[in-house]
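Participant: The listed protein sequences derive, respectively, from chains A and B.
FYI, the numbering used here numbers position 301 of the first sequence as 322, with every residue one higher than the one before it.
FYI, the numbering used here numbers position 394 of the second sequence as 415, with every residue one higher than the one before it.
Each residue gets a CB set at the ideal place from its N, CA and C atoms; glycine is no exception.
Questions regarding the structure given below will be posed in turn.
Number of protein chains: 2
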Amino acid sequence: MNELIQTGIIARKTARKLAQITTAQKNDFLLLLAERLKNDSQRILDANQDDINNGREAGLNDALIDRLLLNQSRLDGIAKDLMELSQMPDPIGSMIEEKTLANGILARRIRVPLGVMAVIYEARPNVTVDISALGIKSGNAVILRGGKETLASNKALVEIIHECLISTNIPAEAVQFIDDPDRELVHQLVKLDKYVDILIPRGGNTLQEFCKQHATMQVMTGGIGICHLFVDESADLERAVEVIHNAKVQRPTVCNALDTLLVHQSVAAEFLPMVAARLISSGVVLKCDPTTQDFLAIDSQAGIQSIEEGDFDREWLSLVLGIKVVVFVGEALDHIHLHSSQHSDGILTNNPENAQRFKSEVDSAVVYVNASTRFTDGAQLGLGGEVAVSTQKLHARGPIGLEGLTTYKWILEGDYTVRN
Amino acid sequence: MNELIQTGIIARKTARKLAQITTAQKNDFLLLLAERLKNDSQRILDANQDDINNGREAGLNDALIDRLLLNQSRLDGIAKDLMELSQMPDPIGSMIEEKTLANGILARRIRVPLGVMAVIYEARPNVTVDISALGIKSGNAVILRGGKETLASNKALVEIIHECLISTNIPAEAVQFIDDPDRELVHQLVKLDKYVDILIPRGGNTLQEFCKQHATMQVMTGGIGICHLFVDESADLERAVEVIHNAKVQRPTVCNALDTLLVHQSVAAEFLPMVAARLISSGVVLKCDPTTQDFLAIDSQAGIQSIEEGDFDREWLSLVLGIKVVVFVGEALDHIHLHSSQHSDGILTNNPENAQRFKSEVDSAVVYVNASTRFTDGAQLGLGGEVAVSTQKLHARGPIGLEGLTTYKWILEGDYTVRN
């Protein structure tokens with residue numbers, strides 16, 4: 022009846038074993054996998070080429086093709102992250118807290134794996150490696166459900182992951198991949214609370230909402246970044262242009278790319294033409310509020326469009342940027358409170374008071390002062406990679422790395438101690 | 022249409038203010054409230070007497086009457102917890118982590134309040150104080166929905182809480198109490214995700230399941246303790262009797278009271294009559310598996326019943342105890358894996374290997390060696406009280422105290438830093 026129950030049973034059973042494997046085994050696995058990605062990647066690249074060809078035939082847009090693309094340089098990047106992860110301390114078994122209570126009980130809080138994590142993701146084959154690596158290092162069993170657009174790449178990657186697991190004496194069942202693209206399996210997966218401790222949907226709003234509504238286990242949602250930068254009147258305007266260009270253009274298809282630029286009116290006349298010229302020359306389409314359009318009308322026309330209803334609530338994931346002129350810092354904060362997905366928002370300013378106000382009032386996972394939003398990333402923050410970027414407030418906020426895949430248990434040891 | 026929207030809007034607005042109040046204000050509030058509970062409690066005790074009288078008329082059983090009872094001694098206990106809470110460090114604003122990234126960005130992880138917490142609870146007026154106190158100290162706005170059985174007590178307590186808030190210059194709206202017993206309001210409350218960051222249902226399985234299914238915000242569930250103690254063959258039997266007696270009898274109506282006793286077969290003949298005599302003399306009814314009954318048949322009849330189907334999955338909350346004889350340590354572990362609610366489970370043993378096996382294999386929030394299960398309690402563990410005991414794995418596990426009511430944000434400060 023439910024085809025996935027067997028997968029769940031295997032994951033639960035394997036999770037018990039994984040809680041006991043040594044740190045050396047985990048790191049050996051990571052280093053071996055890195056080695057394979059760097060020097061034995063032809064199988065992966067061939068499979069990825071098949072996915073790319075199929076994607077182009079199916080008419081996927083450039084953003085989606087970029088998401089599913091693997092090349093040697095990206096594999097080298099993934100390998101580098103794996104090597105860094107192998108250098109990180111093993112969180113499992115570490116003591117979070119230890120104290121002797123007044124009654125003599127020794128109370129300790131010890132970090133343990135969550136158990137079984139299931140991840141549903143879309144067209145990004147690197148996620149297959151990231152999740153497997155973080156899952157193994159944190160002692161969790163993993164059930165992967167990737168997008169059908171990267172099925173060939175994922176199969177090749179999982180084959181290699183299994184080979185590396187077996188070579189390092191870790192059960193291959195630690196990573197299970199659902200390779201049947203039937204959507205019905207997703208419906209089954211989100212009901213497996215008996216076997217799955219957490220569900221992580223990595224994908225668009227529809228997937229996240231589906232999981233929130235239908236999943237019977239706890240869900241970690243996130244990854245939808247409607248990201249803002251506010252250019253304050255005191256900002257260094259030339260440098261601000263470069264930060265905005267980086268946040269928008271460097272990798273526009275990811276969640277930490279910039280979506281909306283807010284500009285203080287007192288620098289708008291000088292700043293907007295500067296930033297518009299730089300962005301338009303990189304192919305960015307600017308969706309401008311009326312005031313912005315007034316400021317830009319003389320300088321340029323191509324690449325400038327009017328903002329439309331709902332645009333400030335969109336995650337662009339492409340070379341499009343919303344722009345709005347604001348009258349006060351407070352208006353920038355209000356706009357962010359109203360439209361931000363609480364992922365990554367920041368201020369560019371040389372005024373410490375306004376910086377402080379942003380740091381204290383913006384209620385987002387990562388709040389920036391004078392930096393590109395592109396740093397909301399587990400590897401960049403030294404978390405050993407990330408399985409997702411949480412926009413929830415419970416458990417983990419922002420990039421979910423190694424620690425975010427653990428929980429703890431209290432261990433209380435007494436001398437036949439009773440409560441008075 | 023939705024009567025609670027105004028409550029939500031007020032809570033959200035107040036939460037912004039609460040994030041900024043000083044530690045001194047918070048502690049002044051706690052100490053003033055403690056003072057009032059100790060020395061100015063007549064209004065509360067009178068109101069509570071009304072609730073008790075109504076409860077008896079409505080035919081509530083003794084367990085429920087005990088749950089809703091307040092007397093000066095219990096108020097003094099609550100006041101003591103408040104004073105202890107005032108001594109605890111203020112978690113808000115504390116730095117969890119600080120590092121300078123290779124690119125020069127200063128990255129800090131700062132503890133912040135969750136925002137707005139809503140708590141639905143049943144007949145326990147002390148919860149009104151506990152939640153309000155922990156909420157204020159952790160900078161959160163609180164929406165309370167107590168059981169109708171304690172409406173009078175809760176109203177009196179909330180009045181005093183409001184007086185203490187006002188006296189210490191904290192907005193009284195920090196604690197909002199829904200005093201209309203209409204059940205429809207609960208249905209509205211669980212849909213207020215726009216204003217409420219977390220929902221904590223404190224009550225039975227029906228309430229928890231209702232919230233899990235219908236709430237649109239994140240839910241912290243827990244508080245259902247099907248708790249086990251296993252008496253190993255090496256246990257000090259006389260002392261084990263006292264631990265079991267304490268775990269079952271000291272306060273049978275709470276979640277950390279013992280529900281099932283597992284006894285190693287090689288000590289069953291000696292131990293079962295000892296523990297049965299001690300428990301039966303305190304009015305405990307023993308629900309015994311057939312083997313246990315065989316061992317007890319000669320010694321005693323009164324207070325001994327046969328275990329029935331489903332009994333090992335019940336939280337008794339009264340003077341009833343399930344008992345089962347097991348052949349191996351592994352059988353005790355299997356029973357716990359199958360029947361525990363992952364709240365509080367332990368072993369009584371003088372064998373370090375078996376203790377180690379329990380500590381590593383039992384996947385519960387609190388694992389005990391040679392102690393009563395009654396210590397699963399935020400105040401006992403020095404957490405500043407508790408808003409609930411989580412049996413989830415995400416965020417907080419076991420008693421949820423001050424830290425469990427916080428989250429963090431990352432603050433990244435650069436020098437117009439871009440990502441390469």
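Tell me whether Val-348 of chain A is buried or exposed, calling it buried when 16 or more other Cβ atoms sit within 10 Å of its Cβ.
Facilitator: exposed
Participant: Would you grab the beta carbon distance between Ile-265 of chain A and Leu-283 of chain A for me? Rounded to a whole angstrom, and I think it's under 8 Å.
Facilitator: Not quite, the Cβ-Cβ distance comes to about 11 Å (not below 8 Å), so this is no contact.
Participant: For Phe-379 of chain B, tell me which candidate among B:His-356, B:Asp-398 and B:Thr-397 has the shortest Cα-Cα distance.
Facilitator: Looking at the Cα atoms, B:His-356 is the closest of the given residues.
Participant: Between the Cα of Thr-438 of chain B and the Cα atoms of A:Ser-159, A:Ile-117 and A:Gln-401, which residue gives the shortest distance?
Facilitator: A:Gln-401
Participant: Would you please verify whether the beta carbon of Lys-414 of chain A is less than 8 Å from any beta carbon of chain B?
Facilitator: yes
Participant: Going by C-alpha distance, which of B:Cys-185, B:Glu-56, B:Lys-430 and B:Asp-83 is nearest Leu-338 of chain B?
Facilitator: Closest by alpha carbon: B:Asp-83.
Participant: How long is the line joining the alpha carbons of Ser-458 of chain A and Pro-273 of chain B, rounded to whole angstroms?
Facilitator: Outside the displayed range of chain A (22 to 441) lies residue 458 of chain A, so it cannot be described from this structure.
Participant: In this structure, how does DSSP classify His-208 of chain B when only helix, strand and coil are distinguished?
Facilitator: helix
Participant: Do Val-306 of chain B and Leu-250 of chain B come within 8 Å of each other at the CB atom, strictly closer than that value?
Facilitator: no
Participant: What residue ranges within the segment 220-255 of chain B form continuous beta strand (DSSP E) runs of no fewer than 3 residues, ordered along the chain?
Facilitator: Under the rule that a run must span 3 or more residues, the beta strand (DSSP E) segments found entirely inside the segment 220-255 of chain B read 248-252.
Participant: I want to verify the contact list: residues of chain A whose CB lies under 7 Å from the CB of Asp-218 of chain B, in sequence order.
Facilitator: Lys-414
Participant: Measuring only from the beta carbon, is Cys-185 of chain B closer than 7 Å to any heavy atom that is part of the ligand FMN?
Facilitator: The model on display carries no ligand, and the ligand FMN is accordingly not part of it.
Participant: Which word fits His-183 of chain B, buried or exposed, when buried means at least 16 other C-beta atoms lie within 10 angstroms of its C-beta?
Facilitator: buried
Participant: Contact criterion: CB-CB distance below 8 Å. Does Arg-88 of chain A meet it with respect to chain B?
Facilitator: no
Participant: Since Asp-253 of chain B contacts Val-387 of chain B with CB under 8 Å, what's their CB separation in whole angstroms?
Facilitator: 18 Å between Cβ atoms; not a contact.
Participant: According to DSSP, is Ala-8 of chain B part of a helix, a strand, or is it coil?
Facilitator: With chain B represented from 22 up to 441, any question about residue 8 of chain B goes unanswered, as that position is not in the structure.
Participant: Is Glu-336 of chain A helix, strand or coil when you go by DSSP?
Facilitator: coil
Participant: I need the straight-line Cα distance from Gln-41 of chain B to Glu-119 of chain A, nearest angstrom please.
Facilitator: 31 Å
Participant: Please give the ranges of any alpha helix (DSSP H) in the segment 268-311 of chain B, keeping only runs that are unbroken, at least 4 residues long and fully inside the region.
Facilitator: 286-302
Participant: Run through chain A and tell me which residues come within less than 7 Å of Arg-418 of chain B, C-beta to C-beta.
Facilitator: Thr-428, Tyr-429 and Lys-430
Participant: Specify, as a first and last residue, the run of the beta strand (DSSP E) that Asp-200 of chain A falls within.
Facilitator: DSSP places Asp-200 of chain A outside any beta strand (DSSP E), giving it a letter other than H or E.
Participant: Does the beta carbon of Val-439 of chain B sit closer than 8 Å to a beta carbon anywhere in chain A?
Facilitator: yes
Participant: At 8 Å on the CB atoms, spell out the chain A contacts of Asp-366 of chain B, in chain order.
Facilitator: Within chain A, no residue comes near Asp-366 of chain B; the closest Cβ sits about 10 Å away, beyond 8 Å.
Participant: Give every residue of the same chain whose Cβ lies closer than 7 Å to the Cβ of Leu-293 of chain A, excluding the five residues on either side of it in the sequence, and list them in chain order.
Facilitator: For Leu-293 of chain A, where only same-chain residues beyond five positions count, the Cβ hits under 7 Å are Val-284, Thr-313, Phe-316 and Leu-317.
Participant: So what's Thr-427 of chain B in DSSP terms, helix, strand or just coil?
Facilitator: strand
Participant: Do you know how far the Cα of Val-148 of chain B is from the Cα of Val-163 of chain B?
Facilitator: 12 Å
Participant: Does the beta carbon of Asn-267 of chain B sit closer than 8 Å to a beta carbon anywhere in chain A?
Facilitator: Answer yes: the Cβ-Cβ gap between Asn-267 of chain B and chain A drops below 8 Å somewhere.
Participant: So with Cβ pairs under 8 Å, would you call Glu-108 of chain B a contact of chain A?
Facilitator: Note that residue 108 of chain B corresponds to Gln in the displayed sequence, not to Glu. Not an interface residue.
Participant: Enumerated in chain order, which unbroken segments of the beta strand (DSSP E) with a length of 3 residues or greater are wholly contained in the segment 340-420 of chain A?
Facilitator: 341-347, 365-369, 387-392 and 409-411
Participant: Return the residue from the list B:Ile-421, B:Ala-32 and B:Leu-359 that minimises the CA-CA distance to Gly-331 of chain B.
Facilitator: B:Leu-359
Participant: Against chain B, with Cβ distances strictly below 8 Å, would Asp-436 of chain A count as a contact?
Facilitator: yes
Participant: So for Leu-54 of chain A, helix, strand or coil by DSSP?
Facilitator: Helix at Leu-54 of chain A.
Participant: Give every residue of the same chain whose Cβ lies closer than 7 Å to the Cβ of Ala-177 of chain A, excluding the five residues on either side of it in the sequence, and list them in chain order.
Facilitator: Arg-64, Ile-65 and Ala-68
Participant: Does the beta carbon of Ile-126 of chain B come closer than 8 Å to any beta carbon on chain A?
Facilitator: yes
Participant: In chain order, what residues of the same chain lie with their CB nearer than 8 Å to the CB of Ala-79 of chain B, ignoring the 5 residues before and after it?
Facilitator: Glu-170
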